Amino acid sequence: MLESLLRPQSVAVLGASRSPGKVGHEVLANLQAGGFEGAIYAVNPGADEILGLPCYPDMSSLPEPVDLCLVALPVSKVEAAVKEALAARVGSMVILTAGFKEVGEDGADLEARIAGLCQQHRVRLMGPNSVGLINAHHKLNATFAPVMPPVGGISVISQSGALCVAILDWAASQGIGLGMTVSFGNKADLNEVDFLEALARDDETRVIAGYLESIDDGERFLAAAQEAADIKPVVILKVGVTAAGAKAASSHTGSLAGADIAYWAAFKRAGVIRAETFESLFDYAQVFAMQPLPRGRRLAVITNAGGPGIMAADAAEGSGLELVTPDAATQEALRAVLPSAASVANPIDVIGDADPDRYMAAFETIQTSACSDAILVIATPQNMTRPVELAGRLAQAHEGKKPLVAAFLGGDRVEEARRLLTSLNIPNYSSPERAVRALRGMVDYATWRHRPPRVVMRFPVNRRRVERVIRWHRRMKLRQIGEVEGKEILRAYDFTIPMGRLVETSSQAVEAANQIGYPVVLKIVSPDIIHKSDVGGVRLSLATAEQVRDAFDLLMLRSTRSLPEARVRGVYVEAMGKRGREVILGMTRDPQFGPMLMFGLGGIFVEVMKDVTFHLAPITADEAMQMLKATRSYSLLTGVRGELAVDLEAIAGGLQRISQLSTDYPEIVELDLNPFIVGQVGGESYVADARMTLGPQEEE
C-alpha cells in the first residue's frame, strides 16, 4: 500500500528554501497553493520561517513523524538527509534531486545505497530525479511544476519529469482534468508496476495514462497491467524502442522481431491501449474518461460538410470501424427533419446551412436508432452553425448510452465551443481522423474486456526425446539445433515430419532413398551452415538412384567451396512432401516478456513484405486463429481467385504446439518452422524445414 505517499496526512519539505525559483521553495509554495489540508513542515537549519511557516532545523525537531518527506537538497547532501529522515520515522519519501544514475557510475552507486537504506527501514522511495506527485482529489500538489490542472479522472504516471511538467501544462491549457500525476524518475525503488497497482485500486481514477521509457520486469508488468485493464482503461506511450530492438538473430523470427514488436504484443495481451504519439496519449485518455464504452464497431457520422465526412469515412474504414447505412425507418425519420438536399446515408450530411436545430434533429434520431454504436459530430464554422450553442445542446441531449465525440474544425470561431465541449465531458478533436482513432481505441478495449476466458490447451508430448536432444547439444557445446535434431524435437510435439535419414556417403544416400521411396530431397547438414539454400545446399525432386548419388556429391562439393571451414556432418535424405501453401511459424524469446510467437506466409510475404504477426506465448486456440487473421495476406489462406482454402486449424494447432514447446523449454531462444507446408482441409500439413537456437550456458 502507498497510502502515506499518495494520501499523506502530513508532509515535510527537507531542503525548503526562501529563494523563489529553487525547488525547495516552489514545492513548498505548491503545497500551500493547492490547499493541502494536512500539516506542512519546512525543514532548513538556516531559516526561522519560510512562506509563513515555521522552519525546523532538522527532521528530528518535527513535532510528529510525517507521512511524506520531500527531499530537495543538492545531491551531495541527499544521503545524509535520507538517513536523517529515516531516523525520524517518515512513512515514505520522494527525492526530487537529480544527478544520480542518469549521470554515471558514481551517481548509480549513490542511488543504490540510498535505495538500500530505505529498503532496510521498509520505507518506500519515489525517485530520485523526480518532479514529485499530485493527488488533485486530496488537494496535494507535491511538485515544483508551475501549473495545476483541473481535477478530473485521468491519472498520469511518467518516467520523465520534464514530460510530466509538459503534461500538466497541456492539461491545464486544455481544461483537461487530472487526478493523480506521478513522476517516478529513476525508479530506485517504486516503478511503473507499483503505480499501476495503486491506481487500479483508486476509485477516483477512471483512466490510467502513462509515459514509459523502460520496463524492468516484463512478467510483473504484464500481470499488473492486465489486472488494471480489467478494471479501467490503461493508455501508455512507450518510447525508446528502436535502438533496443537491433540485435543479431539467426532465425527469420528473430530478425523480424525487436523490442517494439515485443511491447506491441505485451500491451495487446494485457489490454493496454498503446499511444504512438504524445498527442494520441490524451486523445485516448479523454474519450475513455468522458464517454461510455461502445457495444460494437458501428460508427455514425453527422456533418455539415462533405469533405470532412469523407475524411471520417476513410479513417473509419482504414481502422476497422463500420459505417453502416441506417435502416429504412431511421432514414425516413431523418428525411422528415432534414432538407431534401441532405444525405441520409452514412455520413449523414445536414449540409452547410445547418443550424443547431437541424443538427439536433439528426443527432436525436441517430442517438435513438439501433444502427450505430458510436456517434461522431463534425462541425465546420459556417454562418448558421453557432458552435457554442451546438456544443451545449449536444451535451444536454446526449443520453450517455453510446459514446459521442466531436470534431469542431477551425480556429478562433470554434475555440469557445471546444472548451465548452471539454467542460461538458464531450471530447473534441482537431480532425475527423483523430476522433475516429480515439473511437477505435475504445472499440479495441471494449472487445478485450469482453474476451472469452483464456484456456491454453496442453498437448501430450514426449519430453524425454526433447531433453535428450538438448543434452547432446549442450555436451557438444552447440547452440544451433539444425534440421535433423530440430525435427526430432518437433516430432516429440506431434508435428508431422516426412521420413528422413542422415547419411555420410553417396551409397548410404541411395540406400536411404530406396528405403524412403522416391522422389526425395537432399540437404546439407552442418552446424556452421544455418541457411542451407544460401550455399546451394538443397536438391529437390530427386527421382532416381543416379540423381541421388550425383546430388550428394554436388552438395558436398558446394559446401566445401563455399565454407571450407564448415563442419559437415553429412546429408539429410528426406521424402519429398506434397505441394501446399508455404507458411512460417516461429518463436523468439524477448528478454522482458518471454517467448513471442510469429506467423506469416512464406516466400516474398516474409522476405519482402514482412507480413507477419506476433503474439506472446502461451496462446489459446482463439488467439492462434487471431494471428492468422491479423496478416494482410490472410485471404490467400481462405481461398481467393479459384484457389482452394488451406487447413487453418493445422496452422493454429502448430502455433499452439510451438507455444507449449517454448514455455516448456526456456533454453530454446529461437526457432523457425520454415516452411511449414499446409495442405487443404483434411489433407496433409508437415514441417519441411526447421532450426532452433539454444541460449548460452551459464559457464559461457
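Residue numbers for the sequence shown follow this note's numbering, so the first one is 641 and each next one is one higher. By construction, the Cβ of each residue, glycine as well, lies at the ideal position given by its N, Cα and C atoms. Here the structure is a predicted model, which is why all the values come from computation and not from measurement.
| Query | Result |
| --- | --- |
| Should V822 and L780 be called a contact, given that it needs their Cβ atoms to be closer than 8 Å? | no |
| Determine the burial state of V1280: buried for a count of at least 16 other Cβ atoms within 10 Å of its Cβ, exposed for fewer. | exposed |
| Using alpha carbons as the reference points, say which of I1156, A953, M820 lies closest to A1183. | I1156 |
| Assign K908 to buried or exposed, taking buried as 16 or more other Cβ atoms, counted over all protein chains shown, within 10 Å of its Cβ. | buried |
| If you follow the beta strand (DSSP E) that P1235 is part of, which residue opens it and which one closes it? | 1234–1241 |
| Between which two residues does the beta strand (DSSP E) carrying K1163 extend? | 1160–1165 |
| Nearest CA to the CA of V1161: which residue from R1189, V715, F1135, L757? | R1189 |
| Just the C-alpha distance for A838 and L642, rounded to the nearest angstrom, thanks. | 7 Å |
| Apart from the five residues on each side of it in sequence, which residues of its chain come closer than 7 Å, Cβ to Cβ, to E704? | S650 |
| Tell me where the beta strand (DSSP E) around E919 begins and ends. | Note, E919: premise wrong, no beta strand (DSSP E); alpha helix (DSSP H) at 918–930. |
| Could you say if the stretch 974–981 and the stretch 1036–1054 meet the contact criterion of at least three C-beta pairs nearer than 8 Å? | no |
| Whole angstroms is fine: what's the gap from P697's alpha carbon to K872's? | 45 Å |
| Please report how far the alpha carbon of V879 lies from the alpha carbon of G744, in whole angstroms. | 22 Å |
| Using C-beta distances below 6 Å, list every residue in its chain close to S657, excluding the 5 sequence neighbours before and after it, in chain order. | G664, H665 |
| Indicate whether V875 and V847 have their beta-carbon atoms separated by less than 8 Å. | yes |
| By DSSP, does V1054 sit in helix, in strand, or in coil? | helix |
| What whole-angstrom Cβ distance do A721 and D829 have, given they're in contact under 8 Å? | Contact flag wrong, Cβ pair sits at about 16 Å. |
| Using a Cβ-Cβ cutoff of less than 7 Å, which residues in the same chain neighbour P1138 once the five nearest sequence positions on both sides are dropped? | E1214, A1215, G1217, Y1326 |
| Between which two residues does the beta strand (DSSP E) harbouring G1293 extend? | That residue, G1293, is in no beta strand (DSSP E); its alpha helix (DSSP H) goes 1288–1304. |
| Rounded to the nearest angstrom, how far is the Cβ of V1165 from that of A1132, given a contact under 8 Å? | Not quite, the Cβ-Cβ distance comes to about 19 Å (not below 8 Å), so this is no contact. |
| In three-state DSSP terms, what is S1173? | helix |
| Whose C-alpha, out of R753, N769, S716, E719, is nearest the C-alpha of E742? | N769 |
| Tell me the residue span of the beta strand (DSSP E) that contains C695. | 693–696 |
| Does the distance from the CB of A1270 to the CB of T1253 come in under 8 Å? | yes |
| Cβ of I1171 within 8 Å of Cβ of A905? | Just to set this straight, residue 1171 is His in the shown sequence, not Ile. Not closer than 8 Å, so no. |
| Rounded to a whole number of angstroms, what is the C-alpha to C-alpha distance between T1278 and S795? | 44 Å |
| Would you kindly work out how many angstroms separate the C-alpha atoms of A1330 and I1317, rounded to a whole number? | 12 Å |
| DSSP has I942 in a bridge; who is on the other side? | I988, V1017 |
| If you draw a straight line from the C-alpha of R1080 to the C-alpha of V771, how long is it? | 33 Å |
| According to DSSP, is Y999 part of a helix, a strand, or is it coil? | helix |
| Look up T1200 in the DSSP assignment and say whether it is helix, strand or coil. | helix |
| Closest by CA to L702, which one among A925, G655, R1111, V683? | V683 |
| For A1285, which residues of its own chain have a beta-carbon under 8 Å away from its beta-carbon, when the five flanking residues on both sides are left out? | L1277, T1278, G1279, Q1320, V1321 |
| Tell me the start and end of each unbroken beta strand (DSSP E) in the stretch 1055–1103 that is at least 3 residues and wholly inside, in chain order. | none |
| Decide if D1013 is buried, meaning its Cβ has at least 16 other Cβ atoms within 10 Å, or exposed. | buried |
| Can you list, in chain order, the residues of its chain with a C-beta nearer than 6 Å to that of M1238? Leave out the 5 residues immediately preceding and following it. | T893, G1226, V1252, F1254 |
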